[in-house]
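Here is the structure we will look at, set down as structure tokens.
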Amino acid sequence: MVSDNDALRLRRLVFYAADVDRINAVLLAFVKKANAQSALVIDKEGHMVARQGFFKQDTAALSALVSGSFASTREVARLLGEPEFRVLFHQGQGQSIHITLLGERTLCVTVFSSAIKAGMIQVLCKELAVQLEAILNEAAKRKPEDQEKQNEGLGKNFSDEMKNQLNALFGNL
Amino acid sequence: MVQINFGQREVSCKVVFYGPGMSGKTTNLEIIHKKAPKDAVGEMVSIATETDRTLYFDFLPLDLGQVAGMRTKFQLYTVPGQIYYNATRKLVLQGVDGVIFVADSSPEKMAENLESLQNLRDNLAEMSLTIDDVPLVIQYNKRDLPNAMSIADLNAQINPMGVPTHEGVAREGKGVFATLKEISRLVIEKLNKEHAPAANRRRTNTALGAPPSSTPPAQPTAMPPAPAHTPVAQQRLPQRPPPAPAPQMAMPQARPPMPAQPTPARGMPQLPPQGHVQSQADPRDKHLAKAKPPSLDNLKQQPPVAAKVNLGATDPSLKRYQEASRPGGGGVKTLLIVLIGLIVLMIMAVVAVIYVPAVRSLLPQDLQRALIGPSATEPAKPVPVPAITPTPASAAEQPAVPSAEKPAAPAPEKPAEPAAEKPAPPADKPAEPAPPAAEKPPAEKPAAEKPAETPAPAPTEKPADKPAEGANGQ
Numbered sequence: 000m001v002s003d004n005d006a007l008r009l010r011r012l013v014f015y016a017a018d019v020d021r022i023n024a025v026l027l028a029f030v031k032k033a034n035a036q037s038a039l040v041i042d043k044e045g046h047m048v049a050r051q052g053f054f055k056q057d058t059a060a061l062s063a064l065v066s067g068s069f070a071s072t073r074e075v076a077r078l079l080g081e082p083e084f085r086v087l088f089h090q091g092q093g094q095s096i097h098i099t100l101l102g103e104r105t106l107c108v109t110v111f112s113s114a115i116k117a118g119m120i121q122v123l124c125k126e127l128a129v130q131l132e133a134i135l136n137e138a139a140k141r142k143p144e145d146q147e148k149q150n151e152g153l154g155k156n157f158s159d160e161m162k163n164q165l166n167a168l169f170g171n172l
Numbered sequence: 000m001v002q003i004n005f006g007q008r009e010v011s012c013k014v015v016f017y018g019p020g021m022s023g024k025t026t027n028l029e030i031i032h033k034k035a036p037k038d039a040v041g042e043m044v045s046i047a048t049e050t051d052r053t054l055y056f057d058f059l060p061l062d063l064g065q066v067a068g069m070r071t072k073f074q075l076y077t078v079p080g081q082i083y084y085n086a087t088r089k090l091v092l093q094g095v096d097g098v099i100f101v102a103d104s105s106p107e108k109m110a111e112n113l114e115s116l117q118n119l120r121d122n123l124a125e126m127s128l129t130i131d132d133v134p135l136v137i138q139y140n141k142r143d144l145p146n147a148m149s150i151a152d153l154n155a156q157i158n159p160m161g162v163p164t165h166e167g168v169a170r171e172g173k174g175v176f177a178t179l180k181e182i183s184r185l186v187i188e189k190l191n192k193e194h195a196p197a198a199n200r201r202r203t204n205t206a207l208g209a210p211p212s213s214t215p216p217a218q219p220t221a222m223p224p225a226p227a228h229t230p231v232a233q234q235r236l237p238q239r240p241p242p243a244p245a246p247q248m249a250m251p252q253a254r255p256p257m258p259a260q261p262t263p264a265r266g267m268p269q270l271p272p273q274g275h276v277q278s279q280a281d282p283r284d285k286h287l288a289k290a291k292p293p294s295l296d297n298l299k300q301q302p303p304v305a306a307k308v309n310l311g312a313t314d315p316s317l318k319r320y321q322e323a324s325r326p327g328g329g330g331v332k333t334l335l336i337v338l339i340g341l342i343v344l345m346i347m348a349v350v351a352v353i354y355v356p357a358v359r360s361l362l363p364q365d366l367q368r369a370l371i372g373p374s375a376t377e378p379a380k381p382v383p384v385p386a387i388t389p390t391p392a393s394a395a396e397q398p399a400v401p402s403a404e405k406p407a408a409p410a411p412e413k414p415a416e417p418a419a420e421k422p423a424p425p426a427d428k429p430a431e432p433a434p435p436a437a438e439k440p441p442a443e444k445p446a447a448e449k450p451a452e453t454p455a456p457a458p459t460e461k462p463a464d465k466p467a468e469g470a471n472g473q
């Protein structure tokens, strides 16, 4: 039986500033160590959680396409009797991309120059995944009550401001 | 699924355009991409077949800017409408926050509309959702068709739920933004209900007997799928252990529970915000960065913690490999430096042996000859030749011949130097070469005197030159 709170928690993904800062710190250290171009943490729906490094491309599109690519391989994995693949790797002439599943809901994406050995990225990504999973698990285990004490919420006027913003952007279209 | 990122101060929602094939979903997206303010829309990505039919999805990020201190983004997706692409439709539908159902107004397409709507219900059910759980807006597209069905007929067949509807001619951009505004409003209202501040949240939580749903006011209360929903969700959730290879696409069950309440960043190691490393910010940031939330400013003042973060003790071989794989890495550099150093040392040693007699004298005689001999003996060779030939003439000077070999060594080294200096260096040098040098002029003199007697031309050339030069100098 799933409690109300659990049901609510399953329906949304909230990242808190402190956790995102820790993720950012780990990502930055990884980017420097691996000499990678950039590293992102995204969720499976394609929303970006954190990013570090140098980006030539639109990260929103990158996140959406990577999550789509990951989702599409799940069916292939199932054909092979796997629940899902945990690592994907696409190698290009100049740039390559390495995708690692973190826990069940998030993905770590590393973009790096093809001059860097993929094996080294693979080893470092494994280390990175362990650290990121630890942060995500710690956040998940935190009691909801502890968080409610410091709950900021989105603000009561979020909805009203949103309407104004929508009218300002698309009012005359 | 809405993602609220208090670290980035971002709210991100996913809206999916659903509907039968050729009903105008991609056209809707294209119009938004074309007509919306350029700083609000990002790059449109389309995974389509060669004939421009959507194969996987079309994607358009929409940035609404700062709303109550949070940067609000919508990710707009379309699904492939064809029946046989249901697997990809399910994938795109994962974590959806709002659905725009684009229906074709033509009467011939009514069956397809209904089939697609039923398909939406089925796919949502696989994710333990009902059509009432997700904000839904229907767009009756292609209103410009001459045989378009009346709105009343369409509502009766497609919209028994009573969700908001809009008429549209997507090709001309009519009704596109009205639909988008409507779904945005519904999604945000639902989000606001779920993520209201603590005081409101408790109330919301207690009202969450069923999964949170913010059905618009127009929705009728009793819907056929609604009662079935809760039991379905509750039966499925406990049955599926996280690693179970269940054939369903449903996301929520396998996910680890995530924190339910937002917390501000306090007392935690903090990094400077994104701009620190992200050298390329979105061009859209310009108009959005006007009002930066105070928490981000605080973050900037904090020293970066990144340096303290240890990625785990990697073994030394990996570190070495890492260093070597870097362009111009340490290994190659040190090797080059060592090589250059060795070469310089060798050159210095050779120069010392050749030019510094003190060093040379340290070497055994054989080695000295081997080192310096070739250069010294070649020009000196002619010397013994004439010395031997004139031996009958001056037998008493015979010992001078072998001794002449030695002073001859420095002599041919400096033939290019001014002749006046020539006698000096042998005299300055160790005492050994001095006596032969003193004897040399007499040795030369007979040689110079006897050119007429001895036909050997070789010895005469050089000695003859030297006195001649000396004479000129005098």
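Protein chains in written order, with numbering that gives the first Met the number 0: chain A, 0 to 172; chain B, 0 to 473. For glycine and all other residues, C-beta sits at the position ideal for the given N, C-alpha and C.
With contacts defined as CB atoms closer than 8 Å, A:Glu83 and A:Ser66 fail to qualify as a contacting pair. Residue pairing from DSSP places B:Ala47 in a beta bridge opposite B:Thr53.
B:Gln7 and A:Ala133 have their C-alpha atoms roughly 20 Å apart.
Contact annotation: the region 97-104 of chain B touches the region 172-185 of chain B, with at least three C-beta pairs closer than 8 Å. Sequence-distant partners of B:Val168 (beyond 5 residues in either direction) whose C-beta falls short of 8 Å from its own C-beta, in its chain, are Asn140, Lys141, Arg142, Asp143, Gly174. Taking one beta carbon from each stretch, the region 20-37 of chain B and the region 39-58 of chain A have fewer than 3 pairs nearer than 8 Å; the two do not touch.
Between A:Phe54 and A:Leu123, the CB-CB gap reaches or exceeds 8 Å. Taken atom to atom, the span from the alpha-carbon of B:Lys72 to that of A:Arg50 is near 16 Å. Look at B:His32 here: in three-state DSSP terms it is helix.
Within the DSSP bridge table, the entry for B:Asn4 names A:Phe14, B:Glu9 as partners. Of all residues in the region 80-100 of chain B, only Ala86, Thr87, Leu90, Val91, Gln93, Gly94 place a beta-carbon less than 8 Å from a beta-carbon of chain A. When beta bridges are read from the DSSP output, B:Lys173 appears opposite B:Val168. Taking a cut-off of 8 Å for Cβ pairs, the region 110-125 of chain B and the region 92-100 of chain A do not touch, as fewer than three such pairs fall below it. Note that the C-beta distance between B:Phe56 and B:Val40 is not below 8 Å. Chain B places no beta carbon closer than 8 Å to that of A:His97, leaving this residue out of the contacts. Rounded to whole angstroms, the gap between the alpha carbons of B:Ile336 and B:Met347 is 17 Å.
Only those residues of the region 30-54 of chain B whose C-beta falls short of 8 Å from the nearest C-beta of chain A are listed: Lys34, Ala35, Pro36, Ala39, Gly41, Glu42, Val44, Ile46.
When the beta-carbon positions are compared, A:Val110 and B:Ile3 stay at least 8 Å from each other. Boundaries for B:Ile82: no beta strand (DSSP E) harbours it, and the DSSP string shows neither H nor E there.
The C-beta of B:Lys189 has 16 or more other C-beta atoms within 10 Å across all chains shown, which makes the residue buried. Within chain B, the residues placing a beta-carbon under 7 Å from that of A:Ser158 are Ile187, Glu188, Asn191, ordered along the chain.
Interface residue (Cβ-Cβ distance to chain A less than 8 Å): B:Phe56 is classified as such. Per DSSP, the beta-bridge partners of A:Val108 are A:Leu39, A:Ile98.
At a cut-off of 8 Å between beta-carbon atoms, B:Ala67 makes contact with chain A. A distance below 6 Å between beta-carbons, with the five flanking residues on each side excluded, links B:Gly20 to the following residues of its chain, in chain order: Gly80, Gln81. Cα atoms of A:Lys162 and B:Ala67: separation of roughly 11 Å, rounded to the nearest angstrom.
Inter-residue distance for A:Ala70 and B:Gly161 is about 33 Å (C-alpha atoms, whole angstroms). Per DSSP, B:Met148 lies in no alpha helix (DSSP H) segment and is marked neither H nor E. Residue burial is scored here from C-beta neighbours: B:Leu123 has at least 16 other C-beta atoms within 10 angstroms and is therefore classed as buried. In this structure, the beta-carbon distance from B:Ile46 to B:Leu59 does not fall below 8 Å. At a C-beta separation below 7 Å, A:Gln164 has these neighbours in chain B: Leu63, Gly64, Val66. A:Met47 is the residue among A:Gln90, A:Glu160, A:Met47 whose C-alpha sits nearest the C-alpha of A:Thr105.
With 16 or more other Cβ atoms from the protein chains shown falling within 10 Å of its own Cβ, B:Val136 counts as buried. Against chain B, the CB of A:Ser71 has a partner CB under 8 Å away; the residue lies at that interface. The alpha-carbon of A:Gln92 is positioned some 43 Å away from that of B:Ser127.
Leaving aside the five residues that flank B:Cys12 on each side, the residues in its chain whose CB is nearer than 6 Å to its CB run, in chain order, Val1, Phe73, Asp96, Val186.
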